[in-house]
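Residue 116 in my numbering sits at position 136 of the sequence shown, with consecutive numbering throughout.
Everything on this sheet refers to the single structure shown next.
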Amino acid sequence: MLAASREEVLARLKDDDLVLDVGGWAKPFARADWVIDISAYETRGLYGYDEGQRATERFTKDTWAIHDICSHQPWPFADEQFDFAICSHTLEDVRDPIRVCQELTRVAKAGYVEVPSRLEEQMWGVQGPWVGWGHHHWLSDVHEDGIDFVFKHHILHGKPELQVPHRELTPEERVSTLWWEGSFSVREHIYFEAEELEAW
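Structure below.
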């Protein structure tokens, strides 16, 4: 999560606000009261923590819900149970970001979403000799009202005219962010013809 966004989230939250981290296994948000992820509590923190944050974890093993967030079984939370929810660098990884966003807006009153920017995800050489991050499934267009997803087709790897030349990006250029309250729009754009996809 962007450092500035993390500070903004912390500034917005009251101490008694109930906070959910969606898909936070690799780098949990220590202020979260609950985490929902497919991986276990004991294995958390693959990518570490922001400085000094692990010691301040508010969630516990008992408030770590192991759940496939793309499952069509509802998340184990009530409607609007949470005052705020964070979903940072998760939607691009999962098989059904639409479902995740639907449940996210069901269980929380407001929140923050962060995904890789199109600039980073269409750039050659970010991770290796391919476009963007190899394990990401989606290109995300964040707009004022929500997020549109397009499947990250392998055509990107073979067509230089669809790629962004490699350069160093600022942290802000690497991501797209959405602050939402109440709900936000989410949809998948499906392109059946290569020409349509390439034009997009």
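Note that beta-carbon positions come from the ideal geometry of N, C-alpha and C, so glycine has one too.
D17 places its beta carbon less than 8 Å from that of G4.
Using a C-beta cut-off of 8 Å, the stretch 66 to 81 makes contact with the stretch 164 to 175, since at least three inter-stretch Cβ pairs fall below that distance. By the neighbour-count definition (other C-beta atoms within 10 Å, threshold 16), Y92 is a buried residue.
A check of alpha carbon separations from W14 across L0, R24 and Y21 identifies L0 as the nearest. Judged by their CB atoms, P77 and F129 are nearer to each other than the 8 Å cut-off. In the three-state DSSP reduction, E173 falls in the coil class, being neither helix nor strand. Cβ contact annotation for D(-3) (same chain, cutoff 7 Å, sequence separation greater than five): D63 and F64, in chain order. In the assembly as shown, T150 is an exposed residue. Its beta-carbon has fewer than 16 other beta-carbons within 10 Å.
In this structure the stretch 25 to 45 does not lie against the stretch 111 to 121, because fewer than three pairs of beta carbons, one per stretch, are closer than 8 Å. DSSP assignment within the stretch -7 to 18 yields no whole alpha helix (DSSP H) run of 4 residues or more.
In its chain, beyond the 5 residues on either side, V111, Q143 and H146 have a beta carbon closer than 6 Å to the beta carbon of W104. In this structure, R154 lies away from E72, with their beta-carbon atoms at least 8 Å apart. For T85, there is no enclosing beta strand (DSSP E); the enclosing alpha helix (DSSP H) has its first and last residue at P77 to V87.
Counting along the chain, the unbroken alpha helix (DSSP H) around H137 starts and ends at I135 to G138.
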